[in-house]
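*Asks:* Please find one structure pasted underneath; my questions will follow.
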Amino acid sequence: MGLDTTSMGGSFVGTKLTEAINWARKYSLFQYPFVTACCGMEFMATACSHYDISRFGAEIPRFSPRQADLLFVVGTVSHKLAPVLKKVYEQMCDPKWVVSFGACASSGGFYDNYCTVQGIDTIIPVDVYIPGCPPRPEAVLDALMLLQEKIQNAQLDRRSVG
Amino acid sequence: MSQYVVQRLTERFPDQILETHAFRGDDTVVLKRDKLLEVLRFLKEDAGLNFDLPVDLTVVDWWRKKEPRFEVVYHLYSLGKGHRIRLKVPVDEDDAVVPSSRAVWAGFDWYEREAWDLYGIRFEGHPNHTRILLWEGFEGHPLRKDYPITKRQPLTALLDGKQE
Amino acid sequence: MSEIFIETVRDDGTPDDLGSVPMSLQMGPSHPAMHGTIKMRLRLDGEIVQKADVEVGYLHRGFEKSCENSTWTQVFPYTDRLNYVSPLCNNVGYAMAVEKLIGIDVPERCKYVRMIMSETSRVGDHLTCVGASLMELGAFTAFLYAIEAREEIWRLTEEVTGARLTHTYVRVGGLKDDLPPDFEAKYRKVEKKIRSLVDDILLLVDRNRIFLDRMKDTGVMTRERAIDWGFTGPCARASGVAYDVRKSHPYLLYDRTDFDVPVGTTGDNYDRYLVRMEELKQSLRIIDQCFKQMKPGPVNVDDPRIVMPDRDEVYGSIEGTIQHFKIIMEGIQVPPGEVYSYTEGGNGELGFYLVSVGEGKPYKCRVRPPCWNFMQAVHEMLEGYQIADIVPTFGSVNMIGGECDR
Chain A
13 MGLDTTSMGG
23 SFVGTKLTEA
33 INWARKYSLF
43 QYPFVTACCG
53 MEFMATACSH
63 YDISRFGAEI
73 PRFSPRQADL
83 LFVVGTVSHK
93 LAPVLKKVYE
103 QMCDPKWVVS
113 FGACASSGGF
123 YDNYCTVQGI
133 DTIIPVDVYI
143 PGCPPRPEAV
153 LDALMLLQEK
163 IQNAQLDRRS
173 VG
Chain B
40 MSQYVVQRLT
50 ERFPDQILET
60 HAFRGDDTVV
70 LKRDKLLEVL
80 RFLKEDAGLN
90 FDLPVDLTVV
100 DWWRKKEPRF
110 EVVYHLYSLG
120 KGHRIRLKVP
130 VDEDDAVVPS
140 SRAVWAGFDW
150 YEREAWDLYG
160 IRFEGHPNHT
170 RILLWEGFEG
180 HPLRKDYPIT
190 KRQPLTALLD
200 GKQE
Chain C
78 MSEIFIETVR
88 DDGTPDDLGS
98 VPMSLQMGPS
108 HPAMHGTIKM
118 RLRLDGEIVQ
128 KADVEVGYLH
138 RGFEKSCENS
148 TWTQVFPYTD
158 RLNYVSPLCN
168 NVGYAMAVEK
178 LIGIDVPERC
188 KYVRMIMSET
198 SRVGDHLTCV
208 GASLMELGAF
218 TAFLYAIEAR
228 EEIWRLTEEV
238 TGARLTHTYV
248 RVGGLKDDLP
258 PDFEAKYRKV
268 EKKIRSLVDD
278 ILLLVDRNRI
288 FLDRMKDTGV
298 MTRERAIDWG
308 FTGPCARASG
318 VAYDVRKSHP
328 YLLYDRTDFD
338 VPVGTTGDNY
348 DRYLVRMEEL
358 KQSLRIIDQC
368 FKQMKPGPVN
378 VDDPRIVMPD
388 RDEVYGSIEG
398 TIQHFKIIME
408 GIQVPPGEVY
418 SYTEGGNGEL
428 GFYLVSVGEG
438 KPYKCRVRPP
448 CWNFMQAVHE
458 MLEGYQIADI
468 VPTFGSVNMI
478 GGECDR
């Protein structure tokens, strides 16, 4: 966190615009759950009371890609579904991030066959990969924190300022 | 499964039955294709047999193992009588057609479409004879033994520098 | 100024004064109520669904082809991911099919453990289904309660199997391991918690006017149509088909337990909800009896060609090493033949049709998915109802993508 509250006697907050924007972004992630398969069960578990993803500012799912900035690809993506995923990704506004949830989304998992996409990163860019089949909720939260770190350290360019 | 069913079928359609056998208690009747619909109707409508529940329809591909190449396999169950039967209909690769049983049991609708999609067996008289799990334009039938497991047919362009 | 009138007629020929024309709407595949894998093309007359065309296959991941390229034991992880809400039921179903093909019978304790584990899995399945469909109707609190109860079950099964969701616990001829020694005590605590949470859910929704209005008399499937479409499981029972594999053709030791099969009368969404809630309680009843009946003993068959040796033997004796090597590298040698074995999965009759040519791999491994029948018939349950009824109807048939599309 780049906010410096101690200097100048604490009377005002000094920071860089980049850091302030990134700080705001990382704690207000609106996610689009692209849930297809088994991992969705763990995704539900992460979102509910026990693990409670809202502690990290990412609890509100938006089922319209235009209102979301974090795409959770949860589960296997088949070649039939791939165009849909691509379209959803393209409809999201910048800045946007993608989390590949589970082994199938990351690499195709153990479905190395005629109908499964061998990792969604062959179709869309991915920011964070979560291993596991399915990943434990702790791993999901860890990935979310990793992503927040990535967002905090991001450089703003004209495109991502909007 | 039940010996009684096999007996009834052999009495009623002696010329349609190629073979009957039982393995681990599963009774199987191998049928000719010609009067398949008539046999299926009889199985459903006969009061003593009463096979009202369509359980499963699938295909076995005996590529380079057996002639004819395909076997269409039906599993039926009777809720009232509690018995089961397996029917098998061998079909040739060049003439991979069987009459559709959609009119007898609505429940075989999608099973037949799936068999067409994955094995390439045509079901004559099916009202909506299209692919179901894969998409129109997919080449070949992936569950045939001569379809390579990793032969993929992507619908989307891959990102630069990526390959499958 | 002139006014323009569009004169339209409805399908039955009567004039439509409002001048509305049918609208086409595409729902899914990436839609929260469609579970991410179903696409519906709807034709709407105002709020009324005239025609629904269901398209599946978005989660087709080549189950059969992958199984044909794995050894008999390697198929277990694939079965986990069929109906991923109740994976242990699938494990048990597949194991029983292979055992039928080989012609072996597992020890009594193994049967009890399999029953206990598949019933806990079923409880989780029904909780998820009911909870998710309640959430889709807006009852988010009830969903949180259901998931909390499911979380308790998962923690319990994790202690036994080592995984929260994809267990791969059952093996051909036995189990990965016996239950841990303090399992029953832990289960009792979990059971108490589940019962209290289920009561909370019932308190929230059972007499809730909004819930009743949306569930009653929507998505009706009559008994005759249900049979014709090949329905099994909770959906068939809600329509009045008293068919439960556990009761009609008892496998494992279900004939030694006493439980009821709830049957609905109208086949609407409310009946499906009631059947699931009642089955959940019956499952707890079955587990209770299993604990009372089971005795200590072996859980694996005594056959070195099928069951893996102990770790000590693998590292300590040449026979153990060879046995381990052969099972891992060549797979269990299953005699040639074909069987159809059926069990009661979370959604209905879960059948495995296996063909062996006497190798270490299945020649064909077909699963009969109960969801498949629901999805081919769901348009009948939607047409004529309002568009808002799609959500509870689709939720209550409990379509599981992994099982439906395989």
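Residue numbers (the numbering used here), protein chains in the order written: chain A, 13 to 174; chain B, 40 to 203; chain C, 78 to 483. We put the CB at the ideal spot given by N, CA and C, even for glycine.
Let me make sure I understand the geometry here. Which of D66(B), L75(B), L48(B), E132(B) has the alpha-carbon closest to that of S139(B)?
*Replies:* In the second sequence, the residue the question calls residue 139(B) occupies position 100. Comparing Cα-Cα distances from S139(B) to each of D66(B), L75(B), L48(B), E132(B), the minimum goes to L75(B).
*Asks:* For R80(B), which residues from the same chain have a beta carbon less than 7 Å from its beta carbon, with the 5 sequence-adjacent residues on both sides left out?
*Replies:* Along the second sequence, read from residue 1 onward, the residue named residue 80(B) stands at position 41. Closer than 7 Å at the Cβ level, and outside the excluded window around R80(B), lie V143.
*Asks:* Please go through the same chain and pick out, in chain order, the residues whose beta-carbon is closer than 6 Å to the beta-carbon of L204(C), but skip the five residues on each side of it.
*Replies:* Stepping through the third sequence from its first residue, residue 204(C) is reached at position 127. So the list reads A223, A226, R227, once near-sequence residues are dropped.
*Asks:* I want to know whether the stretch 106 to 122 of chain C touches the stretch 40 to 57 of chain A - three or more CB-CB distances under 8 Å.
*Replies:* Counting Cβ pairs under 8 Å, three or more are found: they touch.
*Asks:* At 3 residues or longer, and completely inside the stretch 371 to 441 of chain C: list those beta strand (DSSP E) runs for me, N to C.
*Replies:* The qualifying runs are 414 to 421, 426 to 433.
*Asks:* Could you check whether the Cβ of E228(C) sits closer than 6 Å to any heavy atom belonging to the ligand FAD?
*Replies:* Absent from the structure shown: the ligand FAD. Ligands present: none.
*Asks:* Can T128(A) and R138(C) be called in contact, C-beta distance under 7 Å?
*Replies:* Counting from one through the first sequence, the residue named residue 128(A) turns up at place 116. Counting from one through the third sequence, the residue named residue 138(C) turns up at place 61. Yes; because the gap between Cβ atoms is below 7 Å, this pair is in contact.
*Asks:* Got a sec: is the Cβ-Cβ distance from K92(A) to anything in chain C below 7 Å?
*Replies:* Looking up residue 92(A) in the first sequence gives position 80. Output row for K92(A): interface = yes.
*Asks:* Which whole runs of the beta strand (DSSP E) in the stretch 85 to 116 of chain B are 3 residues long or more, in chain order?
*Replies:* With a minimum length of 3 residues, the continuous beta strand (DSSP E) runs that stay inside the stretch 85 to 116 of chain B are 92 to 100, 109 to 116.
*Asks:* In angstroms, rounded to a whole number, what distance separates the CA positions of K104(B) and V434(C)?
*Replies:* Walking along the second sequence from the start, residue 104(B) turns up at place 65. Walking along the third sequence from the start, residue 434(C) turns up at place 357. For K104(B) and V434(C), the distance between alpha carbons rounds to 10 Å.
*Asks:* Leaving out five residues on either side along the sequence, give the residues of the same chain with a beta carbon under 6 Å from the beta carbon of K253(C).
*Replies:* The residue given as residue 253(C) occupies position 176 in the third sequence. Here the set comprises Y246.
*Asks:* Anything in chain B within Cβ reach of P95(A), meaning under 8 Å, just list it in chain order.
*Replies:* For this step, residue 95(A) is matched to residue 83 along the first sequence. The answer, in chain order, is L194, T195.
*Asks:* Any Cβ of chain B within less than 7 Å of the Cβ of Y63(A)?
*Replies:* Reading the first sequence from its first residue, position 51 is the one you call residue 63(A). Closer than 7 Å: no.
*Asks:* So, does the CB of H203(C) fall closer than 7 Å to a CB anywhere in chain B?
*Replies:* As a first step, residue 203(C) is located in the third sequence; it is residue number 126 there, counting from the start. No, H203(C) lies away from the interface with chain B (no Cβ there is under 7 Å from its Cβ).
*Asks:* Taking C-alpha atoms, which residue in P137(A), A115(A), V111(A) lies nearest to L158(A)?
*Replies:* Locating residue 158(A) in the first sequence gives position 146, where the first residue counts as 1. Checking every option, the nearest Cα to that of L158(A) belongs to V111(A).
*Asks:* For F288(C), which residues from the same chain have a beta carbon less than 6 Å from its beta carbon, with the 5 sequence-adjacent residues on both sides left out?
*Replies:* By 1-based counting over the third sequence, the position of residue 288(C) is 211. So the list reads V282, once near-sequence residues are dropped.
*Asks:* Provide the residue(s) that pair with Y44(A) in DSSP beta bridges, ordered along the chain.
*Replies:* Numbered from its first residue, the first sequence carries residue 44(A) at position 32. Per DSSP, L83(A).
*Asks:* Based on Cα-Cα distance, which residue from C481(C), G478(C), P469(C), I464(C) lies nearest to M104(C)?
*Replies:* In the third sequence, the residue the question calls residue 104(C) occupies position 27. The candidate whose alpha carbon is nearest that of M104(C) is I464(C).
*Asks:* Could I get the ranges of all uninterrupted alpha helix (DSSP H) runs contained in the stretch 71 to 131 of chain A, with 4 residues as the minimum, in chain order?
*Replies:* Qualifying alpha helix (DSSP H) stretches, in chain order: 94 to 103, 115 to 119.
*Asks:* Please classify D389(C): is it buried, with 16 or more other beta-carbons within 10 angstroms of its beta-carbon, or exposed?
*Replies:* Stepping through the third sequence from its first residue, residue 389(C) is reached at position 312. Exposed, by the Cβ-count rule.
*Asks:* Would you report the Cα separation of P147(A) and R300(C), rounded to the nearest angstrom?
*Replies:* For the purposes of this step, residue 147(A) is taken as residue 135 along the first sequence, with counting starting at 1. For the purposes of this step, residue 300(C) is taken as residue 223 along the third sequence, with counting starting at 1. Spanning the two alpha carbons is a distance of roughly 41 Å.
*Asks:* Taking all protein chains shown into account, decide if Q370(C) is buried (16 or more other Cβ within 10 angstroms of its Cβ) or exposed.
*Replies:* Looking up residue 370(C) in the third sequence gives position 293. Under this definition Q370(C) is an exposed residue.
*Asks:* Which word fits L153(A), buried or exposed, when buried means at least 16 other C-beta atoms lie within 10 angstroms of its C-beta?
*Replies:* Sequence index remark: in the first sequence, residue 153(A) carries index 141 (1-based). Classification of L153(A): buried, given that the 10 Å Cβ count is 16 or more.
*Asks:* So with Cβ pairs under 7 Å, would you call K190(B) a contact of chain A?
*Replies:* Taking the second sequence and counting its residues from 1, the one referred to as residue 190(B) is at position 151. Answer yes: the Cβ-Cβ gap between K190(B) and chain A drops below 7 Å somewhere.
*Asks:* Is the Cβ-Cβ distance between V340(C) and R302(C) less than 7 Å?
*Replies:* Locating residue 340(C) in the third sequence gives position 263, where the first residue counts as 1. Locating residue 302(C) in the third sequence gives position 225, where the first residue counts as 1. Result no, Cβ atoms of V340(C) and R302(C) do not sit closer than 7 Å.
*Asks:* So which residues of chain A does W174(B) contact, with C-beta pairs closer than 7 Å?
*Replies:* For the purposes of this step, residue 174(B) is taken as residue 135 along the second sequence, with counting starting at 1. Chain A residues near W174(B): K92.
*Asks:* Looking at the C-beta of P181(B), does it have a partner C-beta in chain A at a distance below 7 Å?
*Replies:* Residue numbering aside, residue 181(B) sits at position 142 when the second sequence is read from its first letter. By this cut-off, P181(B) is an interface position.
*Asks:* To the nearest angstrom, report how far apart V140(A) and T88(A) are at their CA atoms.
*Replies:* Along the first sequence, one-based indexing puts residue 140(A) at 128. Along the first sequence, one-based indexing puts residue 88(A) at 76. Going by the C-alpha atoms only, they are around 16 Å apart.
*Asks:* Use the C-beta contact count for C481(C): other C-beta atoms within 10 angstroms, 16 or more gives buried, fewer gives exposed.
*Replies:* The count along the third sequence starts at 1 and reaches residue 481(C) at position 404. Buried.
*Asks:* Measuring straight from C-alpha to C-alpha, what distance separates I125(C) and P311(C)?
*Replies:* Position 48 of the third sequence, counted from the first residue, corresponds to residue 125(C). Position 234 of the third sequence, counted from the first residue, corresponds to residue 311(C). In a straight line, the C-alpha of I125(C) is about 27 Å away from that of P311(C).
*Asks:* Using 10 angstroms around the beta-carbon of D54(B), count the other beta-carbons present and answer buried if the total reaches 16, otherwise exposed.
*Replies:* Along the second sequence, read from residue 1 onward, the residue named residue 54(B) stands at position 15. D54(B) is exposed by the Cβ-count criterion.
*Asks:* For T243(C), which beta-bridge partners are listed by DSSP?
*Replies:* Numbered from 1 along the third sequence, position 166 holds the residue referred to as residue 243(C). Paired residues: none, contrary to the question.
*Asks:* Closer than 6 Å by C-beta to T148(C): which residues in its own chain qualify, once you throw out the five before and the five after it? Chain order, please.
*Replies:* If you number the third sequence from 1, residue 148(C) lands on position 71. So the list reads G408, G437, K438, once near-sequence residues are dropped.
*Asks:* When you compare only the Cα positions, how much space is there between Q127(C) and D305(C)?
*Replies:* Residue 127(C) sits at position 50 when you count from the first residue of the third sequence. Residue 305(C) sits at position 228 when you count from the first residue of the third sequence. Their backbone Cα atoms lie some 22 Å apart in a straight line.
*Asks:* Just list the residues that DSSP pairs Q463(C) with in beta bridges.
*Replies:* By 1-based counting over the third sequence, the position of residue 463(C) is 386. For Q463(C), which the question treats as bridged, DSSP gives the partners I125(C).
*Asks:* Do the CB positions of E396(C) and L182(B) come within less than 7 Å of each other?
*Replies:* Here residue 396(C) is taken as the residue at index 319 of the third sequence, counted from 1. Here residue 182(B) is taken as the residue at index 143 of the second sequence, counted from 1. Contact flag unset, no.
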